[in-house]
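The structure appears right after this line, and notes come after that.
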Amino acid sequence: MKSFKQHIHEGNIEHYGDKNDVNFYDGSDKSMQVIGSYLGSISEREFMNPDAAVHQIYNKLGAMGADFVVPTSEGQSGSHKVEVKQVPHYGKTGAEEADQVTEGELNKFNMTIKYEQIPNGMYKVSASIN
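The numbering of the sequence shown is the numbering used here, which starts it at 63 and goes up by one.
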């Protein structure tokens, strides 16, 4: 039977919270694909209030380390164009000297949020990244 230390050294486990984590926005194509998939799932739902959908998007992107100014929706239909920024992170990766810290880069992308009221009184909201 293998010890836990042998299992770790074989590389059979995935590390949580590292740069390959799909819940961390780092500007890569993979993290943009994750964001695009989530935004696509928003368009499949109906909302009583379009701002509720925008807040769900804000919370999800916030969990990924990104931030944007939440717009207010007025009227039966409309759209918002917002700039999304990654909150820079600081810390150690283990490759630095003892007295050094790694500084993350500021990544930005644009997002368009569209909403419209449908006949049953609910709202369809769609968002896409540019």
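Idealized CB from N, CA, C, for every residue including glycine.
- By the beta-carbon neighbour count (other beta carbons within 10 angstroms, threshold 16), residue 93 is buried.
- Residue nearest to residue 190 within the set 90, 145, 114 is 145 (criterion: CA-CA distance).
- Distance check between residue 142 and each of 175, 158, 129 places 175 closest, using alpha-carbon atoms only.
- Within the model, the alpha-carbon separation for residue 100 versus residue 136 is close to 24 angstroms.
- When rounded, the separation of the alpha-carbon atoms in residue 89 and residue 134 is 27 angstroms.
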